[in-house]
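Step one of this worksheet: look at the structure below.
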DNA sequence: CGGGATCCCGCTAGATACTG
DNA sequence: CAGTATCTAGCGGGATCCCG
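Chains as they are written, first to last, in UniProt numbering: chain A, 1 to 127; chain B, 1 to 127.
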């Protein structure tokens, strides 16, 4: 069986053991990928991330960072200075995840115009 | 500027032109990736898809197929027989999208155990 | 067979206010 | 600075019924 077939087969397995339903669902939310990419260049602080990721709320940044930390993609380091400094960074696994993610985002960038055109055509047809 | 940098920079642009917020977010829902993978082997009918993708409801299969069709990933062909037959298939762009998607899902499969371990460790630490 | 229409609910995520 | 707590609207998504 080709490796593609093997992966595709697992897509349809039970919820608990399916890597798509279990891993992709985790980073498929509104902010996870944005945060991961915001950290590929190196560690950054909470408020710095917040101002770089336009539109994210304090609550969502905190929550998503916690989730990414729980998955093992991100580390959280507290420096007990005054005022306190908290730095977030990618783990080795997080950096590794960024590779296939970069392939996907890169694909999205290349096909963005084609997709927007497809949307227009579809909407025009269904008038 | 390195190509990674170029993509990453675009991540933080305004909503309309950001491929992550606009393309990746689109397929980040609960069923899109599952349906795309269900079609990589070839066209399939509505109810056949429904029984292969365990747990999906009629409504969500219809809705997600419509979205994928609108994006330009999927075609819908009606054969006016009795009873009617409707076949869904990937477009060339849809098949192309499956490649980076396969890379990501493959990564997820390989790191699934490590991630589950990370979750356990995190939950144990926060007792 | 392949949906459309409707109802309904839980959870996501935004806004706001407060804190060590 | 880096959060936590609370409230709430909106939407994703399931169940059910109906139809060509």
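In this text, a Cβ means the ideal position worked out from N, Cα and C, and glycines have one as well.
Predicted model only: the values in this text are computed from it and were never measured.
- prompt: Between which two residues does the beta strand (DSSP E) containing residue 21 of chain A stretch?
  reply: Segment: none, residue 21 of chain A is in no beta strand (DSSP E) and carries neither H nor E.
- request: Please work out which residues of its chain come closer than 7 Å, Cβ to Cβ, to residue 91 of chain A, disregarding the five sequence neighbours upstream and downstream, and give them in chain order.
  value: 72, 73, 74 and 75
field: Three or more C-beta pairs below 8 Å linking the stretch 94-114 of chain B and the stretch 53-67 of chain B
entry: no
- request: Flag this pair as touching only if the stretch 62-69 of chain A and the stretch 31-48 of chain A have three or more C-beta atom pairs under 8 Å; answer yes or no.
  value: yes
message: I'd like to check one pair, residue 26 of chain B with residue 103 of chain A: are the Cβ atoms closer than 7 Å?
response: no
task: Under the assumption that residue 45 of chain A contacts residue 87 of chain A (Cβ atoms under 8 Å), give the Cβ distance between them as a whole number of angstroms.
output: 6 Å
task: Identify the continuous alpha helix (DSSP H) that holds residue 105 of chain B and give its terminal residues.
output: 92-125
task: Can you give me, in chain order, the residues of the stretch 108-125 of chain B that have a beta carbon less than 9 Å from any beta carbon in chain A?
output: 108, 109, 110, 111, 112, 114, 115, 116, 117, 118, 119, 121, 122 and 123
query: So residue 33 of chain A is in the alpha helix (DSSP H); what residue range does that whole segment cover?
result: 32-38
field: Boundaries (first-last residue) of the alpha helix (DSSP H) holding residue 48 of chain B
entry: 46-52
task: Use the C-beta contact count for residue 109 of chain A: other C-beta atoms within 10 angstroms, 16 or more gives buried, fewer gives exposed.
output: buried
message: Quick check: the Cα distance between residue 17 of chain B and residue 40 of chain A, rounded to an integer number of angstroms?
response: 21 Å
For residue 74 of chain A: DSSP bridge partner residues: A/90
task: Assign residue 85 of chain A to buried or exposed, taking buried as 16 or more other Cβ atoms, counted over all protein chains shown, within 10 Å of its Cβ.
output: exposed
message: Taking the beta carbon of residue 78 of chain B as the centre, do at least 16 other beta carbons fall within 10 Å, making it buried, or is it exposed?
response: exposed
task: Answer yes or no: do residue 20 of chain A and residue 23 of chain B have a C-beta to C-beta separation smaller than 7 Å?
output: no
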